[in-house]
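Chains as they are written, first to last, in my numbering: chain C, 10 to 218; chain B, 10 to 218.
Input: a single structure, listed below in structure tokens.
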């Protein structure tokens with residue numbers, strides 16, 4: 010592994026574990042047993058490290074969203090898709106745990122993050138509409154834009170919420186609960202036959218949380 | 010107005026407008042045209058000011074929740090109740106806009122805030138159950154704990170979410186949208202006749218956002 014990549018990985022781990030605001034570039038160099046000078050050779054400072062990490066996250070999620078657009082997904086595929094998005098967020102959870110603060114300090118990231126959120130809402134809305142078209146969701150009840158906003162909102166704040174009310178909870182439980190939470194937003198709109206599938210999925214998740 | 014109360018009011022205004030992390034006790038004294046020494050005579054420091062503000066918020070919300078427990082509320086009263094809670098949060102929005110950061114720095118507030126969130130979820134759950142008992146919500150569909158968690162989650166993160174996606178939006182629009190968002194969580198569970206009431210309420214709110 011190249012030093013540059015090791016720096017990014019170490020920074021990501023420390024940010025996730027200690028909170029981004031509590032970690033300096035010197036901490037990162039110390040953790041890797043390299044000199045701060047060596048670190049500065051690769052990155053001008055913490056901001057540059059964070060921007061690189063954000064780029065990884067941004068392109069990872071954008072790719073996931075893009076895949077979902079071309080694939081024809083069943084209701085079950087959608088649950089899996091939510092799960093994968095949660096895992097991606099978990100990998101870069103330091104952004105989410107101290108979101109307002111980070112976005113206030115890094116304007117470039119703030120701009121890109123807002124664009125990503127909008128793209129996410131748009132994609133989820135398209136997915137909801139395709140569920141309406143295949144009659145999985147009841148057309149007369151659901152407002153796909155509202156539902157998409159709700160789902161995106163849950164994705165955005167699920168980790169800080171769990172950290173607030175269940176500190177120290179295991180990460181797979183947090184993700185299962187998050188998927189359950191989102192399922193429970195969609196289920197009331199499911200048509201009868203799909204509701205059976207949805208409810209059995211709900212009970213599978215319920216047994217894990 | 011006593012100096013002590015003026016300090017609290019000035020601090021609250023500055024925290025809400027500039028963000029708590031960007032305001033010092035000297036800023037507060039300057040804004041009031043008093044000496045920092047005079048401010049320190051009333052409050053030992055910023056932490057003490059924030060704790061006093063938090064106490065105002067905490068007891069205000071606790072009182073609202075308590076009232077809701079004794080009152081017999083119709084579906085319409087509930088909407089009004091949500092609206093009033095949002096207004097209370099708006100008054101002390103600086104807590105919510107930079108929540109994770111503030112809770113990390115002030116442990117006493119963190120403890121009390123978590124207790125308040127749990128109390129809020131419990132009260133909302135009781136309200137949902139009373140809506141089920143009076144047949145306003147459909148018993149077979151709704152899980153009142155899940156719904157209560159969802160509503161509480163929305164109350165917690167609505168302001169940071171709006172600040173992220175709609176910076177500069179007027180506050181009454183933000184609150185109307187928030188009430189609409191929560192209504193849209195409840196409506197799918199409403200029984201047919203109440204759904205008509207609920208949907209007409211939804212369209213009233215929709216015309217305001």
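Built from N, CA and C at the ideal position, the CB exists for glycine as well.
Assuming residue i and residue j form a contact by the criterion Cβ under 8 Å, report the distance between their Cβ atoms to the nearest whole angstrom.
{"i": "residue 160 of chain C", "j": "residue 141 of chain C", "result": "Going by Cβ atoms, the distance from residue 160 of chain C to residue 141 of chain C rounds to 14 Å, so no, they are not a contact pair."}
{"i": "residue 103 of chain C", "j": "residue 24 of chain C", "result": "4 Å"}
{"i": "residue 70 of chain B", "j": "residue 21 of chain B", "result": "Residue 70 of chain B to residue 21 of chain B, Cβ: 15 Å. No contact."}
{"i": "residue 61 of chain C", "j": "residue 17 of chain C", "result": "6 Å"}
{"i": "residue 110 of chain C", "j": "residue 107 of chain B", "result": "6 Å"}
{"i": "residue 128 of chain B", "j": "residue 166 of chain C", "result": "Going by Cβ atoms, the distance from residue 128 of chain B to residue 166 of chain C rounds to 20 Å, so no, they are not a contact pair."}
{"i": "residue 73 of chain B", "j": "residue 97 of chain B", "result": "7 Å"}
Would you kindly report the start and end of the unbroken alpha helix (DSSP H) that includes residue i?
{"i": "residue 118 of chain C", "result": "116-142"}
{"i": "residue 162 of chain B", "result": "153-174"}
{"i": "residue 269 of chain C", "result": "The shown model of chain C, from 10 to 218, leaves out residue 269 of chain C, and the question about it has no answer."}
{"i": "residue 188 of chain C", "result": "180-195"}
{"i": "residue 39 of chain B", "result": "34-41"}
{"i": "residue 29 of chain B", "result": "Neither: residue 29 of chain B is in no alpha helix (DSSP H) and is coded neither H nor E."}
{"i": "residue 107 of chain C", "result": "Careful: residue 107 of chain C lies outside any alpha helix (DSSP H) and carries neither H nor E."}
{"i": "residue 146 of chain C", "result": "It is not in any alpha helix (DSSP H) - residue 146 of chain C carries neither H nor E in the DSSP assignment."}
{"i": "residue 177 of chain C", "result": "Unbroken run through residue 177 of chain C: none, as it is neither H nor E."}
{"i": "residue 49 of chain C", "result": "45-51"}
Compare the C-beta of residue i with all C-beta atoms of chain C and state if any pair is closer than 9 Å.
{"i": "residue 30 of chain B", "result": "yes"}
{"i": "residue 159 of chain B", "result": "yes"}
{"i": "residue 52 of chain B", "result": "no"}
{"i": "residue 8 of chain B", "result": "Nothing about residue 8 of chain B can be reported from this structure: the residues present for chain B run from 10 to 218 only."}
{"i": "residue 21 of chain B", "result": "no"}
{"i": "residue 193 of chain B", "result": "yes"}
Between residue i and chain B, is there a C-beta pair that is closer than 9 Å?
{"i": "residue 95 of chain C", "result": "no"}
{"i": "residue 153 of chain C", "result": "no"}
{"i": "residue 17 of chain C", "result": "no"}
{"i": "residue 48 of chain C", "result": "no"}
{"i": "residue 122 of chain C", "result": "yes"}
{"i": "residue 212 of chain C", "result": "no"}
Could you name the residues of the same chain whose beta carbon sits closer than 6 Å to that of residue i, not counting the 5 residues immediately before and after it, in chain order?
{"i": "residue 183 of chain C", "result": "171"}
{"i": "residue 90 of chain C", "result": "77"}
{"i": "residue 224 of chain B", "result": "Because chain B in this structure spans residues 10 to 218, residue 224 of chain B falls outside the shown range and cannot be described."}
{"i": "residue 92 of chain C", "result": "188"}
In its own chain, which residues sit with a C-beta less than 8 Å from the C-beta of residue i, not counting the 5 before and 5 after it?
{"i": "residue 54 of chain B", "result": "34"}
{"i": "residue 65 of chain C", "result": "17, 101"}
{"i": "residue 56 of chain C", "result": "115"}
Who are the near neighbours of residue i in its chain, counting only those whose CB is closer than 7 Å to its CB and skipping five residues on each side?
{"i": "residue 134 of chain C", "result": "153, 154, 157"}
{"i": "residue 30 of chain B", "result": "107, 110"}
- Query: Going along the region 162-181 of chain C in order, which residues come within less than 8 Å of chain B, judged by CB to CB distance?
  - Reply: 162, 163, 165, 166, 169, 170, 172, 173, 174
- What residues in the region 124-145 of chain B have a beta carbon less than 9 Å from any beta carbon of chain C? 126, 127, 130
- Query: Taking any Cβ of chain B, which residues in the region 98-114 of chain C have a Cβ under 8 Å from it, in chain order?
  - Reply: 106, 107, 108, 109, 110, 112, 113
- Item | the region 64-84 of chain C: positions lying closer than 7 Å to chain B by Cβ | none
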